[in-house]
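Notes to accompany the following structure.
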Amino acid sequence: MNAPLLIKNARIIDPASDFDELGNLLVENGKISSLNKGADTGAPEGAQIIDAKGMLLAPGLVDLRVFTGEPGHEYRETLNSAAKSAAAGGVTSFVCMPDTLPAIDDGAVVDFIISRAKASACVNILPAAAISKGLLGNEITEFGLLKEAGAVCFSEGRKSIQSSALLRTAFTYAKNFEMPIMHHLCDDGLKGKGVMNKGLFATTLGLGSISSETETIPLSRDLILAKATGVNYHAAQISCPGSVQILAGHKQENPNISAGVSINNLTLNELDVGQYRTFFKLDPPLRSEDDRMALIAGLNSGAIDTIHSGHDPQDVEVKRRPFAEAAFGAIGLETLFGAAMRLVHSGDVELKTIIKALTYRPAQILGISAGTLKPGSNADFFIADIDYPWVNTEENIISRSKNTAFEGARFSGKIMVTYVAGSKVFEHKETA
Amino acid sequence: MSKPKTTENNTKSATNSAAAPPFPHQHLLGIAQLNQHDIINLLDRAQAMIPISRKPRKTLPTLLGKTQINLFFENSTRTQASFEIAGKRLGAMVVNMAVKTSSLSKGETLIDTAATLNAMQPDVIIVRHGAAGAVELLSQKVECAVINAGDGAHEHPTQALLDALTIRHHKGMLAGLKVAICGDIANSRVARSNLALLGALNVRTRVIAPKTLLPTGIENLCTEVFTDMEQGLDGVDVVMMLRLQKERTSNSLVPSEREYYRFYGLDEKKLKFAKPDAIIMHPGPMNRGVEIDPAVADSPMSVITDQVEMGVAVRMAVLDALLNKGLTGNEEPAQ
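Chains Y and D are the protein sequences, given in the same order. Letter 165 of the first sequence, counting from 1, is numbered 165 in the numbering used here, and no numbers are missing. Heads up, the numbering used here is the position in the second sequence plus 1000, with the first residue counted as 1.
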């Protein structure tokens, strides 16, 4: 067992206990044993003492949307490499999407993920099980058995279920087991061959486009069904003002719904696509600057609950293609915090709001005890310098795939050290 | 600094085009990359190329010893033939890559294809591809010049240039004219390149189409937008028709060809609204009885076959402008 660890002189933010003070944190036996404001309260004998020098200390980030390549596409990402990438980004728990090969639609695959993660991953990996068998949208999976095996929620991953009847069944049956549903929103017919946001820019580039109705129509349907069934429903990711408005309305009468947004949609816009840059081909697509501002407003108003990386490793083979033919998706675990700090430095969102949307809220939605520094909880946390300047270069990327939407991007704000259950899993090393 | 001698050599080697200023681009990927001077430069060069094709011996061997690869991922008889003839009249060695029947079509990525072709040391690759941006992507991976012969619904620059040359040929000038582009604007690279080019030359552009065939934000790319043919054609100098692709009716953007013809096909009645001396253009191949009445297509107002002739001249001019940039001193003497 590690020696006790005292971190002093840190700006500690813990949204779960509404704590935002200069203080110290004591870790014993992998758990948080005390959280105090003010100066050093005295460390136990033999404790390791770290002076955070006023840097931020917060609960480890909980990322609700991460794709890995294990099993099936290990050349893109393994659980091991995804976990290392997560640790570097201050992410101590992430939900891995069921889009693997085979899909996570069976208790045995959940078992495999959990045991592989235990053996090879340095952060907590929480498997999401598929809503439908084989992610085919025909019949629901064995929710009860999947829950017993350790799945934390149900999701259709990149896919969106088109049948209202199947969704109704899934929501009703999920309620039976008190399991949350996280659903990506896409009307496949409206999306058609669309590859980027509908607008003048898509027209100029001659690319097929994706309208906001592609998202708002399934969102409305899902929220109506969520109300009818009482399920804990999470709109996996929204991208446009219409969705913010619809959510705000439904939230007034249904406390069991929530919504997430990708850090990409909060910090980038359609113009980043530039001359067919496929690393910015994302689903949902990057939208207009007005839409981005509306999402920020939605985050501030509480219509949007969580921020995720949407980490989606794709290899060169499927990304270095003409835009319409390239795969959707970008990695994001390592840049999640740095990108989120952009919103703080620009004055758009308060640090506390950002931290809450990255830690406590996602944990709350999953019903897990992560995302907090309350004494007794697992010592999953990070220390970050929120002003530290750095450049995201390809050679420094830890993920096995290099498809970042922040290639060469400059950030202010870097994770310095990450702990999971009291053990150090990442430490930033100054490069000369 | 170029040596004065170079200019002299250049004058000798290409008497027709050397008067034009040098063309400052490595590739021709789209009209959007060109400014007004570049466009006029190319049109003037093309104008000078017209007589060559009318002579009994149709050659101006400015590209002797150069290798031109035609790489067409989409089928095209006329554009490919036009580029082939243009290259051959300039003395280039032209190779047509049969994409559909080779390993290039499936499995191998565009970038692998680019690397393979690049290793064969061509001087220019002419590319048509079904995906917008594909030609630009390929151009990043090769060292030679690349000409876009159409990429998805993005650009088809030589078509816009040949259209402008045709208009200039018949109307004497471009600025101040009213040009209507009619039909499937949403999916047309010809429309996008033409709007960019005509806009740069201060032509008043109109687009006419049913709303399902108008892309978002089109009003920012032209002067006026119409959904009614008679209103849109009122007083125009040039009527450009676009081909209606078969798949537009199968995916219900328009319900049927006969309904399309009734409301958007160019017939005598609708044409009466245009100026009496208006010219009719079509990039081909035409669907007679769908977007155009056969009688109108073959009427004296139609300049559709002139467009084909101008196409060869434009492609000769573009090849010459990109490849014949003046001698570098490393080359063989002209004799």
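Think of the CB as a built atom: it goes at the ideal place given N, C-alpha and C, for glycine as much as any other residue. Since this is a predicted model, take the numbers as computed values, not measurements.
Looking at arginine 342 of chain Y and the ligand MG, is the gap between the Cβ and the nearest heavy atom below 7 Å? Looking at this structure, you won't find the ligand MG or any other ligand, since it has none at all.
List, in order along the chain, the chain D residues whose C-beta lies closer than 7 Å to that of lysine 198 of chain Y? Thr1216
If I measure Cβ to Cβ from alanine 174 of chain Y and keep anything under 7 Å in the same chain, skipping five residues before and after, which residues do I get? Phe143, Phe154, Ile181, Val231
Option in Y/Arg277, Y/Ile296, Y/Phe328 with minimal Cα separation from serine 346 of chain Y: Y/Ile296
Histidine 1025 of chain D: which of D/Leu1060, D/Cys1144, D/Pro1051 sits nearest, CA to CA? D/Cys1144
List the residues of chain Y whose Cβ lies closer than 7 Å to the Cβ of glutamate 1268 of chain D, in chain order. Per Cβ cutoff of 7 Å: no residues; glutamate 1268 of chain D is ~33 Å from chain Y at best.
With H, G and I counted as helix, E and B as strand and the rest as coil, what does DSSP make of arginine 320 of chain Y? coil
At 4 residues or longer, and completely inside the stretch 163 to 248 of chain Y: list those alpha helix (DSSP H) runs for me, N to C. 164 to 176, 188 to 191, 200 to 205, 213 to 229
Below 8 Å on the Cβ atoms is my guess for alanine 1196 of chain D versus alanine 1032 of chain D; work out the distance and round it to an integer in Å. 5 Å
Nearest neighbour of glycine 54 of chain Y, chosen from Y/Leu5, Y/Asp20, Y/Arg221 [CA to CA]: Y/Asp20
Helix, strand or coil: which one does DSSP assign to phenylalanine 280 of chain Y? helix
How about threonine 1212 of chain D and valine 1254 of chain D: are their beta carbons less than 8 Å apart? yes
Please list the segments of the alpha helix (DSSP H) lying wholly inside the stretch 1134 to 1194 of chain D, counting only runs of 4 or more residues, in order along the chain. 1134 to 1139, 1157 to 1171
Rounded straight-line distance, which links the Cα of tyrosine 233 of chain Y to that of alanine 226 of chain Y: 6 Å
8 Å Cβ cutoff met for arginine 1089 of chain D and lysine 1058 of chain D: yes
Tell me, please, whether the CB atom of leucine 1137 of chain D is closer than 8 Å to any CB atom in chain Y? yes
Runs of alpha helix (DSSP H) lying entirely within the stretch 350 to 389 of chain Y, each at least 4 residues, in chain order: 351 to 358, 360 to 366
Just confirm the distance between the C-beta atoms of valine 1142 of chain D and isoleucine 1126 of chain D, as a whole number of angstroms; I'd bet it's less than 8 Å. Going by Cβ atoms, the distance from valine 1142 of chain D to isoleucine 1126 of chain D rounds to 12 Å, so no, they are not a contact pair.
Please say whether valine 1207 of chain D and isoleucine 1185 of chain D have beta carbons closer to each other than 8 Å? yes
For valine 110 of chain Y, which residues of its own chain have a beta-carbon under 8 Å away from its beta-carbon, when the five flanking residues on both sides are left out? Ile104, Pro127, Ala129, Leu146, Ala149, Gly150, Ala151
Does lysine 443 of chain Y pass the burial test, meaning 16 or more other C-beta atoms within 10 Å, or should it be called exposed? Shown here, chain Y extends from 1 to 432; a query on residue 443 of chain Y therefore has no answer.
Give the single residue among D/Thr1205, D/Leu1233, D/Ala1092, D/Phe1072 whose Cα lies nearest to the Cα of glycine 1065 of chain D. D/Ala1092
Go to histidine 345 of chain Y, then tell me how far its alpha helix (DSSP H) extends in each direction, as first and last residue. 336 to 345
Does tyrosine 276 of chain Y come within less than 8 Å of chain D when only Cβ atoms are used? yes
Determine, using beta carbons only, whether serine 288 of chain Y and alanine 248 of chain Y come nearer to each other than 8 Å. no
Would you verify that the beta carbon of threonine 141 of chain Y is, or is not, closer than 8 Å to some beta carbon of chain D? no
For the stretch 1112 to 1123 of chain D and the stretch 306 to 318 of chain Y, state whether three or more C-beta atom pairs, one from each stretch, are separated by less than 8 Å. no
State the beta-bridge partners of isoleucine 257 of chain Y as determined by DSSP. Y/Tyr233
Could you give the uninterrupted runs of the beta strand (DSSP E) lying entirely in the stretch 1189 to 1224 of chain D, keeping only those of 3 residues or more? 1204 to 1208
Backbone CA spacing between tyrosine 419 of chain Y and glycine 60 of chain Y [nearest angstrom]: 8 Å
For a contact meaning CB atoms closer than 9 Å, what does alanine 324 of chain Y contact in chain D? Gly1130, Ala1131, Ala1132, Gly1133, Ala1134, Gly1152
Three-state class that DSSP yields for glutamate 28 of chain Y in the structure shown: strand
Separation of glycine 90 of chain Y from isoleucine 140 of chain Y, as counted between CA atoms: 34 Å
Within the stretch 1277 to 1331 of chain D, note down every full beta strand (DSSP E) run reaching 3 residues or more, in order along the chain. 1279 to 1281
Closest by CA to proline 255 of chain Y, which one among Y/Asn403, Y/Leu5, Y/Ile365? Y/Ile365
Ordered along the chain, which non-local residues of its own chain (more than five positions away) have a Cβ less than 7 Å from that of lysine 84 of chain Y? Cys122, Ile398
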